[in-house]
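Taking the numbering used here, the leading residue of the sequence shown gets 2, the next gets one more, and so forth.
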Amino acid sequence: MKSSRCKCRAGLVAAQAPSIGVFCDGCAAVISAGLPTRSCRTCDQDLCGPCFVKEAKEANDGARGPHAASTAEVDAAPDRPPTRPSPVAATGLAAAPTSTAPPASGGVHVAARGSPRTPAPQLPPREVKAKLSGAMQRERERRRLLDEQWLVEQARLQSLEAARLAKTQAAAAQAQIEAAEYCTFVDGALSCAERDLVTLPLAIAAGFGASATKLDISWNLLESLESVAPFFFLEELMVDNGKLVSPIRLPELPFLRVLSLNNNLLTDVHDLVTGTKQCPRLSYLSVRKNPLCPDALLGISSEGEYTLYRQYLISQLDTLVFLDATAVTDLERKRAVTRFDDAHYDGSIVPVADIVEGVRDWVGVTVAAAHRWIETSKRNNPSGQQRATPSTTTPPAPCAPGTATVASGPPPPHRPAATAVR
Numbered sequence: 002m003k004s005s006r007c008k009c010r011a012g013l014v015a016a017q018a019p020s021i022g023v024f025c026d027g028c029a030a031v032i033s034a035g036l037p038t039r040s041c042r043t044c045d046q047d048l049c050g051p052c053f054v055k056e057a058k059e060a061n062d063g064a065r066g067p068h069a070a071s072t073a074e075v076d077a078a079p080d081r082p083p084t085r086p087s088p089v090a091a092t093g094l095a096a097a098p099t100s101t102a103p104p105a106s107g108g109v110h111v112a113a114r115g116s117p118r119t120p121a122p123q124l125p126p127r128e129v130k131a132k133l134s135g136a137m138q139r140e141r142e143r144r145r146l147l148d149e150q151w152l153v154e155q156a157r158l159q160s161l162e163a164a165r166l167a168k169t170q171a172a173a174a175q176a177q178i179e180a181a182e183y184c185t186f187v188d189g190a191l192s193c194a195e196r197d198l199v200t201l202p203l204a205i206a207a208g209f210g211a212s213a214t215k216l217d218i219s220w221n222l223l224e225s226l227e228s229v230a231p232f233f234f235l236e237e238l239m240v241d242n243g244k245l246v247s248p249i250r251l252p253e254l255p256f257l258r259v260l261s262l263n264n265n266l267l268t269d270v271h272d273l274v275t276g277t278k279q280c281p282r283l284s285y286l287s288v289r290k291n292p293l294c295p296d297a298l299l300g301i302s303s304e305g306e307y308t309l310y311r312q313y314l315i316s317q318l319d320t321l322v323f324l325d326a327t328a329v330t331d332l333e334r335k336r337a338v339t340r341f342d343d344a345h346y347d348g349s350i351v352p353v354a355d356i357v358e359g360v361r362d363w364v365g366v367t368v369a370a371a372h373r374w375i376e377t378s379k380r381n382n383p384s385g386q387q388r389a390t391p392s393t394t395t396p397p398a399p400c401a402p403g404t405a406t407v408a409s410g411p412p413p414p415h416r417p418a419a420t421a422v423r
């Protein structure tokens, strides 16, 4: 349709509002993105549906020129359905007059069908733009205030963290001063050996728990390793010549590489495996001179029993490189895996000494039974003759009168013929 607002010959064509939206040049309303509109990009003119219908009606009411909108074009305008013939008009009957006065009973007034709608009041474009600019300014101010509040909160949290860190460092320094009588600390190595400690004092854990990487608590009276839990970053732990008993209650030490538990009172090899599995980087383990460790060199057990113990630990601890000061070879690891893992070993170890003792008992019982059987046979048959079996003995044949009777019984034993001696 050719509009008075459009100065070119193209006229307003049906289109959709762009993604940023446009202003209607007729009523200054905002046409949201994607809504139908009538636009002329050459003249930069945009009309919403109601304004286009309004201008089309005004053009039809006046003189119809060559560019006047047709009825079909008006009906096809957006926001207005096409007109349809009334069923009453089609039948030729007169329609009853419709009253637009409000009901006497005070009910809600409903406008008659086809009555013109009262357009909503529209603001001028300048006022609309001013309102939008004010809303955007208020939103920017709100976001600026939120950013300032966030920065203030971050600064407060940083100050609290700094104060907490300073307090922790001061407490650690005080704890180190108090723990000086129990230990010595040099370059990450903490030594508390020969102090007769039943447990590690809290001052030692608070002062050196976060900085110690090596800990030596040998020659003490500790019965478990629960007090080592604060030393999370330990790499080496020596607890030799002590009073450790099973279970050792070894805490989780993810950086531990060396563990020495020589000459203690450990008796449960399965508890040792369970505890050391919490140390995924363990590569050196020594538990010599413990009841759970068979030692063939000291004559405590046989070489086969120590081999069985060693293969069991190697099969359960994949990261071991040294066990009891002896390197773990590839062939030894392969044999250990073949013996335990491939056989779906259930974890119960029978010492070789017990097996040998059981075999000796069985052999002793068997030999004693054999001796008793031989003695019984000699007492029942002192002459050594073989008795005839009733099932194999044949009755004697009757003898003729006047002949001698042969006594029944086993035949005389065979004697070799005498050899003449020249």
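Glycine included, every Cβ here is placed at the ideal spot set by N, Cα and C.
This structure is a prediction, so every number in the text was calculated from the model and none was measured.
Where does the unbroken alpha helix (DSSP H) through residue i begin, and where does it stop?
i       : result
Glu-126 : One point to set straight first is that residue 126 is Pro, not Glu, in the sequence displayed. Counting along the chain, the alpha helix (DSSP H) containing Pro-126 begins and ends at 126-179.
Leu-203 : 203-209
Asp-217 : Segment 215-217 is the beta strand (DSSP E) holding Asp-217; no alpha helix (DSSP H) there.
Arg-289 : Where Arg-289 is concerned, there is no enclosing alpha helix (DSSP H), given that its DSSP letter is neither H nor E.
Out of the options, which one is the CA nearest neighbour of residue i?
i       : options                            : result
Arg-282 : Ala-369, Glu-236, Asn-265          : Glu-236
Cys-294 : Val-274, Gln-279, Ala-16           : Val-274
Val-246 : Pro-255, Phe-234, Leu-222, Leu-260 : Leu-222
Tyr-183 : Leu-203, Val-366, Ala-164, Leu-166 : Leu-203
Glu-128 : Ser-228, Phe-24, Val-329           : Phe-24
Leu-260 : Lys-58, Gly-276, Gln-17, Leu-133   : Gly-276
Ile-249 : Arg-258, Pro-255, Leu-262          : Leu-262
Glu-194 : Phe-234, Ser-160, Gly-243          : Inspection of the sequence shows that residue 194 is occupied by Ala rather than by Glu. Comparing Cα-Cα distances from Ala-194 to each of Phe-234, Ser-160, Gly-243, the minimum goes to Gly-243.
His-271 : Val-366, Tyr-313, Pro-255, Asn-264 : Tyr-313
Pro-37  : Leu-254, Val-14, Leu-152           : Val-14
Gln-465 : Asn-291, Ala-326, Cys-280, Arg-289 : The question about residue 465 has no answer, for the chain in this structure spans 2 to 423.
Ser-225 : Ser-219, Thr-200, Phe-233          : Thr-200
Gly-12  : Phe-234, Asp-188, Ala-57           : Ala-57
Asp-210 : Asp-188, Ser-192, Phe-234          : Before going on, a small fix: residue 210 reads as Gly here, not Asp. When each option's Cα is compared against that of Gly-210, the closest is Phe-234.
Arg-49  : Val-368, Glu-59, Ile-32            : Rather than Arg, the amino acid found at residue 49 in this sequence is Cys. Here the closest residue by C-alpha is Ile-32.
Lys-278 : Leu-158, Arg-165, Ile-315, Arg-373 : Ile-315
Val-187 : Ala-163, Leu-158, Asp-217          : Asp-217
Val-288 : Pro-255, Asp-319, Ala-326          : Ala-326
Lys-254 : Asn-264, Ser-284, Asn-61, Thr-268  : Per the sequence shown, the amino acid found at residue 254 is Leu instead of Lys. Nearest of Asn-264, Ser-284, Asn-61, Thr-268 to Leu-254, Cα basis: Ser-284.
Asp-319 : Val-338, Glu-306, Tyr-307          : Val-338
Would you identify the three-state DSSP class for residue i, choosing helix, strand or coil?
i       : result
Pro-51  : helix
Glu-195 : coil
Leu-238 : strand
Thr-367 : helix
Ala-60  : helix
Ser-71  : At Ser-71, the pLDDT of 49 sits below 50, so the modelled position is not reliable and the matter cannot be decided from this model.
Ser-316 : helix
Leu-24  : In the sequence under discussion, the amino acid at residue 24 is Phe, which differs from the Leu named in the question. Phe-24 falls in the strand class under three-state DSSP.
Phe-341 : helix
Val-246 : strand
Leu-324 : strand
Ser-212 : coil
Ser-378 : helix
Leu-309 : helix
Glu-222 : The question names Glu, but residue 222 is Leu in the sequence shown. Coil, per DSSP.
Leu-332 : helix
Please list the terminal residues of the continuous beta strand (DSSP E) segment that includes residue i.
i       : result
Val-14  : 14-17
Val-187 : 185-187
Leu-273 : No beta strand (DSSP E) holds Leu-273; the alpha helix (DSSP H) holding it covers 270-277.
Arg-39  : 37-41
Ser-261 : 259-261
So is residue i buried or exposed if we call it buried at 16+ other beta carbons inside 10 Å?
i       : result
Asn-381 : exposed
Arg-311 : buried
Ala-176 : buried
Ala-18  : buried
Gly-108 : Only weak support is given to the placement of Gly-108: the predicted model assigns it a pLDDT of 45, under 50, and the question is left unresolved by the model.
Asp-241 : buried
Met-137 : exposed
Leu-266 : exposed
Phe-232 : buried
Leu-198 : buried
Leu-309 : buried
Between residue i and residue j, which are expected to be in contact by the criterion C-beta below 8 Å, what is the C-beta distance as a whole number of angstroms?
i       : j       : result
Ala-207 : Ala-167 : With a Cβ gap of about 16 Å, Ala-207 and Ala-167 do not count as contacting.
Ala-181 : Lys-215 : Actually they do not touch by this definition, with Cβ atoms about 18 Å apart.
Ala-29  : Pro-126 : 4 Å
Gly-27  : Cys-52  : 3 Å
Leu-321 : Leu-286 : 6 Å
Ser-219 : Met-239 : 5 Å
I'd like to know if residue i contacts chain D, where contact means its C-beta is closer than 8 Å to some C-beta of that chain.
i       : result
Met-137 : No chain D appears in this structure, which consists of one protein chain only.
Should residue i be counted as a contact of the ligand ADP given a C-beta to heavy atom distance under 7 Å?
i       : result
Glu-182 : Inclusion of the ligand ADP in the displayed structure is not the case, the ligand content being empty and no account of it being possible.
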